[in-house]
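Only one structure is covered here, and it is reproduced in the block below.
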Amino acid sequence: MGKQSFIRGALILMIANAISKILGAVLKIPLTYILREEGMAVYNTAFNVYVMFLSFIISGLPFGISKLVSEYASVKNERMIHISVRISSYLLLILGAAGTVILFFGAEFFALAMREERAVFAIRAIAPSVFLVAAGTACKSYFQGVSDMTPTAISQVVEAVIKLVCGFYLAKRFIEMGTDIAAGGAIAGVSVGELVATLILILMYAAVKGKKHKCTRAERNEVMSRLMAVALPMLVSSVISSMLAVVDTSMIRGRLMDYGHSADEARRIFGAYTGYALTVLHLPVGIFATLGVSILPVIAGSIAAGKYERTRAASERALKLIIITSLPCGAAVYFLGADILETLFKNSSSAAMLTLASPCIVFLCVSQILSAIMQSAGRIMTSFANSAAGMVLKLVLSYVLIGKYGIYGAIISADISYFAVMLLDLYTTRKIIGLKYRLGEILIKPAVSTAAMAAVLYLTYPVIAAHTDNHMLICALSGVWGMGVYVLTLLLVGGIRKTDIEKQRI
């Protein structure tokens with residue numbers, strides 16, 4: 007087993023995820039030209055339904071498998087590791103097949119539930135991905151559980167490349183048949199990409215699993231009971247979270263029309279918000295989410311081995327790392343949002359939306375890593391309770407604020423609710439594993455460095471923009487200059503130490 011250090015594994019996944027997210031954004035650039043706002047609304051609606059349904063079908067199982075594998079790995083029980091993967095694979099294949107059938111034949115119901123009746127074809131085009139993802143999940147979770155992130159990284163990048171090529175080709179091929187069909191063609195690229203990625207994971211696992219291990223009834227029951235102890239609470243939380251997300255999407259669309267927009271205007275505004283602003287916003291959030299995957303085997307394995315000091319040390323290191331990386335990203339998006347949108351989409355109509363939403367990058371990234379720590383420590387429902395409370399708060403605020411400020415009301419409510427969730431997560435994580443937040447180390451020094459970066463961007467941006475109207479060049483020059491100041495300031499104030507990059511193993 008190619009066990010990697012916590013930091014190295016996180017770096018591998020971050021790079022792969024960055025490539026995947028960038029390729030995903032690259033796909034959306036030509037798609038926005040082909041599909042426009044209306045088509046992107048159809049595309050994003052179908053994709054949101056798929057993500058919601060996928061999380062409902064296999065929710066908790068990937069995490070449960072990785073946690074189980076990491077716990078068996080901490081006591082060097084190779085036999086039970088592979089028995090766990092095999093039993094999980096059978097379960098996932100059944101669930102994935104059922105999920106694909108339900109999503110395909112229930113596409114009309116799901117489209118109407120999302121108030122986007124034009125998304126039926128697109129939902130059916132992505133339905134096979136449910137089975138394909140389920141088929142490769144156990145293998146991916148095995149590698150993550152033994153701290154070998156390379157197979158996940160390889161499959162992720164290959165999937166993104168294929169999705170890019172196939173999605174663009176099919177969208178362009180079908181555009182003459184209508185926006186709905188073109189959006190369906192674009193999203194069918196996801197299914198093709200998942201097929202190849204799943205085959206890669208299965209082949210890589212077959213190369214390391216060795217002989218087939220026969221299991222007794224007692225061993226089978228042990229695996230199932232331990233797996234369900236994690237998966238069922240996560241399933242419950244995922245179902246409720248997905249339902250709240252559907253309500254949120256439907257309510258935003260409805261309240262935009264109550265605000266005075268026609269159905270087409272509401273679709274266009276929602277498409278600009280989700281297709282442009284949120285695409286940029288979720289780039290750093292998605293990239294840094296890999297830190298939670300990397301820390302899982304460290305936390306779960308350390309707790310299983312009774313090494314609680316290592317649990318606290320790894321958690322503090324991860325929290326500091328996510329704050330150090332997310333703060334400058336939030337600042338860059340705040341100052342360069344319009345130029346980033348112009349560079350990616352040749353459309354900065356949602357620039358004000360993105361600027362207003364930029365603080366969410368920090369709130370979401372911090373909450374993600376804290377949730378991963380709580381879940382790895384076995385406190386799944388605590389993590390869910392925090393996020394559910396935030397979602398309910400978001401729904402209430404959105405209903406009130408959209409009526410006054412339109413789509414900006416939804417963004418203000420997101421800022422407030424995600425900040426509240428982050429505070430809840432900080433409090434509960436401290437109670438669960440005894441984290442001692444050294445504010446000077448994890449917050450003040452990165453905040454001072456970010457303030458220096460923000461001041462430099464504020465002063466130099468007008469100078470750079472006055473000499474060129476090339477948005478990509480503006481982003482590159484401002485980004486390099488701003489990040490240089492940030493890193494230099496961070497080093498000067500002692501925000502990065504040797505211990506922050508030391509190897510962290512189970």
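Under this note's numbering, think of the first position of the sequence shown as 7, with each following residue one higher. Ideal Cβ placement from N, Cα and C applies to all residues, glycine included. Note that the structure is predicted; figures quoted are calculated from it, not measured.
Given that a residue counts as buried once 16 or more other Cβ atoms are within 10 Å of its Cβ, and exposed if not, what is residue i?
| i | result |
| --- | --- |
| HIS473 | exposed |
| TYR39 | exposed |
| LYS82 | exposed |
| GLN510 | Here GLN510 scores only 45 on pLDDT, less than 50, and its place in the model should not be relied on; the value that follows carries that caveat. The residue is buried, with at least 16 neighbouring Cβ atoms inside 10 Å. |
| VAL236 | buried |
| MET46 | buried |
| ASN50 | buried |
| LEU333 | buried |
| ILE58 | Contrary to the premise, residue 58 reads as Met rather than Ile in this sequence. Result: buried. |
| MET478 | exposed |
| LEU109 | buried |
| PHE341 | buried |
| ALA272 | buried |
| SER455 | buried |
| TYR464 | exposed |
| LYS442 | exposed |
| ARG385 | buried |
| THR255 | buried |
| LEU498 | exposed |
| TYR433 | exposed |
| ALA22 | buried |
| MET183 | exposed |
| ALA269 | exposed |
| ASP431 | buried |
Does the distance from the C-beta atom of residue i to that of residue j stay below 7 Å?
| i | j | result |
| --- | --- | --- |
| ALA194 | SER26 | no |
| ILE379 | THR435 | yes |
| VAL299 | LEU19 | yes |
| PRO452 | ILE330 | yes |
| THR317 | ILE439 | yes |
| VAL229 | SER355 | no |
| VAL402 | ILE346 | no |
| VAL202 | VAL164 | yes |
| VAL245 | PHE62 | yes |
| GLY396 | MET240 | no |
| MET210 | PRO157 | yes |
| GLY307 | SER80 | yes |
| LEU99 | ILE64 | no |
| LEU207 | LYS146 | yes |
| ALA416 | ILE258 | yes |
| ALA52 | ALA125 | yes |
| ILE502 | LEU494 | no |
| CYS371 | ILE301 | no |
| VAL48 | ALA128 | yes |
Compare the C-alpha of residue i against each of the options and name the closest.
| i | options | result |
| --- | --- | --- |
| LYS313 | ALA383, ASP264, ALA426 | ALA383 |
| LEU483 | ALA338, LEU97, ALA269, MET210 | ALA338 |
| PHE351 | TYR279, THR317, VAL398, SER389 | TYR279 |
| ALA458 | ALA22, LYS220, LEU429, GLY488 | GLY488 |
| LEU449 | VAL402, GLY500, LYS400, ALA203 | GLY500 |
| SER76 | VAL304, CYS481, LEU407, PRO365 | VAL304 |
| HIS88 | LEU17, GLU447, LEU287, PHE149 | PHE149 |
| LEU284 | SER364, ARG323, MET86, LEU205 | SER364 |
| GLY173 | LEU41, LEU370, ILE63 | LEU41 |
| LEU97 | GLY70, GLU114, GLY151, ARG121 | GLY70 |
| ALA324 | SER377, GLU114, ALA358 | SER377 |
| LEU405 | TYR56, SER419, ALA394 | One detail in the question is off: residue 405 reads as Tyr in this sequence, not Leu. Comparing Cα positions, the closest option is SER419. |
| ALA391 | GLY415, MET428, ALA416 | MET428 |
| VAL253 | ASN54, LEU463, LEU17 | ASN54 |
| GLY142 | LYS169, ILE181, GLY199 | GLY199 |
| VAL214 | ILE328, PHE116, ASP154 | ASP154 |
| ILE413 | ASP186, ALA358, LEU205, LEU370 | ALA358 |
| PRO36 | LEU250, VAL486, ALA461, THR349 | THR349 |
| ILE422 | ILE470, ARG444, LEU362, VAL462 | LEU362 |
| VAL68 | SER247, LEU445, LEU238 | In the sequence under discussion, the amino acid at residue 68 is Pro, which differs from the Val named in the question. When only C-alpha atoms are compared, the closest one is LEU238. |
| MET86 | ASP431, GLU225, PHE127 | GLU225 |
| PHE425 | ARG444, ARG121, SER393, ILE408 | SER393 |
| VAL152 | LYS73, LEU407, GLY446, ALA310 | LYS73 |
| ARG444 | SER321, LEU407, TYR175, LEU29 | SER321 |
| GLY336 | ASP186, GLY485, ARG274, GLN381 | GLY485 |
| PHE276 | VAL139, SER243, ARG121, ALA461 | ARG121 |
Would a check of beta-carbon distances place residue i closer than 7 Å to chain B?
| i | result |
| --- | --- |
| VAL126 | Of the protein chains in this structure there is only one, and it is not chain B. |
Please specify which runs of the alpha helix (DSSP H), each continuous and at least 4 residues long, are wholly inside the segment 347–410, giving them in chain order. Note on the segment 347–410: whole alpha helix (DSSP H) runs with a minimum of 4 residues are 357–363, 365–382, in chain order.
With three or more C-beta pairs closer than 8 Å as the rule, is the segment 90–107 touching the segment 133–151? Because the criterion of three Cβ pairs below 8 Å is met, the segment 133–151 and the segment 90–107 touch.
If you scan the segment 198–271 from start to end, which runs of the beta strand (DSSP E) of 3 or more residues do you find wholly inside it? Listed in chain order, nothing qualifies, since the segment 198–271 has no complete beta strand (DSSP E) run of 3 or more residues.
Could you check whether the segment 390–407 touches the segment 262–271, counting it as contact only if at least three pairs of C-beta atoms, one from each stretch, sit closer than 8 Å? no
Go through the segment 277–308 residue by residue and report every complete run of the alpha helix (DSSP H) that reaches 4 residues or more, in order. 284–294
Where are the alpha helix (DSSP H) runs, 4 residues long or more, that stay fully inside the segment 68–155, in chain order? Those alpha helix (DSSP H) runs which fall completely within the segment 68–155 and span 4+ residues are 84–111, 113–119, 126–132, 134–151.
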